[in-house]
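Worksheet for the structure shown next.
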Amino acid sequence: MKALSVSLVLGFFLTLSRAAPLNSTYPMKMMMMGGDQDMDKPHPMDMKPYCPYGWTLYEHECFIFINSYKTWIEAEYYCMFVGGNLASVHSYEQNHFLQSLTEDGTNSFPLTWIGANDAVYMTAWLWSDGSKCDYQNWSRSYQMSQKNETERCLQTNYGLLKKWINAPCNKSLPFICGKMM
């Protein structure tokens, strides 16, 4: 009986060791050997990312402007609920794109939450999605107000030049969510 149990366990492990892992090159080998008859069907690497209804694609990320007034943390929770975070901005072009999402058709751009805050350490701004802060679009007013301990969250579309400025996190504003595809 003990020999049978050992044989079954050994057979089980041999079977597992011969199984192709999920990320193996087995499908690639089959295609090279002519074993795949569906070569004209799109493969995952050929497919372009798409966004859910109401979201807009920019590079490999989807964004949506939510014209509902929430505090910064309520907005972040909302974005997390739909699978993302408040938007992070990494270039001039992306910043301009996000501003265009907020335009209401009358050339008006409301003050809008995006995903940075300096709640951990004052003036050390961090994106809520964990990405690097590698682009800035601060208003000159930011330098005057950066010592204000109550203004720890980031809003965009400030002033005529639509710059960034820190604001109290309990202020209610519309917001932009982003999620990677």
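Residue numbers (mature numbering (1 follows the signal peptide of the UniProt record, and there is no 0)): -19 to -1, 1 to 162. Note that beta-carbon positions come from the ideal geometry of N, C-alpha and C, so glycine has one too.
With a cut-off of 8 Å, do at least 3 Cβ pairs link the segment 33 to 48 to the segment 95 to 113? no
I'd like to know whether the C-beta atoms of C134 and C150 end up nearer to each other than 9 Å. For this step, residue 134 is matched to residue 153 along the sequence shown. For this step, residue 150 is matched to residue 169 along the sequence shown. In contact: C134 and C150 (Cβ atoms closer than 9 Å).
Environment of Y73 [buried if 16+ CB atoms lie within 10 Å]: As a working note, residue 73 is residue 92 in the sequence shown. Label assigned to Y73: exposed.
Going by Cα to Cα distance, which pick from G86, Y58, G35 and L141 is closest to W119? Residue numbering aside, residue 119 sits at position 138 when the sequence shown is read from its first letter. Nearest of G86, Y58, G35 and L141 to W119, Cα basis: L141.
If we call anything under 9 Å between Cβ atoms a contact, is L92 one with N48? Counting from 1 along the sequence shown, the entry for residue 92 is found at position 111. Counting from 1 along the sequence shown, the entry for residue 48 is found at position 67. It is not a contact, given that the beta carbons lie outside the stated cut-off.
Enumerate in chain order the residues of its own chain whose CB-to-CB distance from K144 is below 7 Å, with the five nearest sequence positions on each side excluded. As a first step, residue 144 must be located in the sequence shown, where it is residue number 163. Here the set comprises N118, W119 and S120.
Which word fits P155, buried or exposed, when buried means at least 16 other C-beta atoms lie within 10 angstroms of its C-beta? What you label residue 155 is simply residue 174 of the sequence shown in a count that begins at 1. P155 is buried by the Cβ-count criterion.
Simplified DSSP state of T104, which is helix, strand or coil: Within the sequence shown, residue 104 is the residue found at index 123, counting from 1. Three-state result, T104: coil.
Do you know offhand how far I157's Cα is from S122's? Indexing the sequence shown from 1 puts residue 157 at position 176. Indexing the sequence shown from 1 puts residue 122 at position 141. Answer to the nearest angstrom: the Cα atoms are 22 Å apart.
Which class does Q136 belong to by DSSP, given the choice of helix, strand or coil? Taking the sequence shown and counting its residues from 1, one reaches residue 136 at position 155. It is a strand residue.
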